[in-house]
Amino acid sequence: MAGLDGSFKCTRCKAQTAVTAGTLFDRRRTPLTVWFQVCWEFATAKDGVSALAVKRTLQIGSYQTAWAMLHRLRSVLIRPGRELLSGQVEVDETYIGGEEAGLAGGRAKGKKALAAVAMEVRSPKGFGRCRMRIIPDGSARTLHQRFITDNIAPGFHRDH
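For what it's worth, this note's numbering labels the leading residue of the sequence shown as 56, then goes sequentially.
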């Protein structure tokens, strides 16, 4: 039987649950209608969507709320237990982030984040699946312990 708050009570055991239980919407204060609008923006944005754009478009109260919603959406897109990359895989690291005044070159630190990238390379030319992750530093130890072992099948990577 449905309650006014969207909860349901099992007629057999009388346990109470919500339709959002076990979903990314579980225990959130933001109304589902707003979540659905954010999902639409996220799914239909041709070049991705920023938290600032979501905040402005949907008139969400704070940047932090918009950022947290997008972060939660992105986190559910990662499938646990997915297959590791295999075949010819190239690995490299780069700094990602927006332009900052006074910083020169692609590897200038500042507010940019260091990311490891692994890409399956297909012959004669082309690419397969890709994995990326923010890493604390570009040392070989970090690359192996925090990135390569989690994303690439043994024996299939080549540092670039």
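Every residue, glycine too, gets a C-beta built ideally from N, C-alpha and C.
If you keep only unbroken beta strand (DSSP E) runs of at least 3 residues inside the segment 94 to 154, you get 143 to 151. Under the three-state reduction of DSSP, VAL89 is assigned to helix. Minimum Cα-Cα distance from SER130 among the listed residues ASP147, PHE80 and THR88 corresponds to PHE80. Taking the Cα positions, GLU175 is about 26 Å away from HIS126. Rounded to the nearest whole angstrom, the CA to CA distance from ALA100 to MET124 is 15 Å. Distances from the CA of HIS199 to each of PHE91, TRP90, ARG177 and VAL172 were compared; the closest alpha carbon is that of VAL172.
Closest in alpha carbon position to GLN143, among ARG82, THR78 and ARG184, is ARG184.
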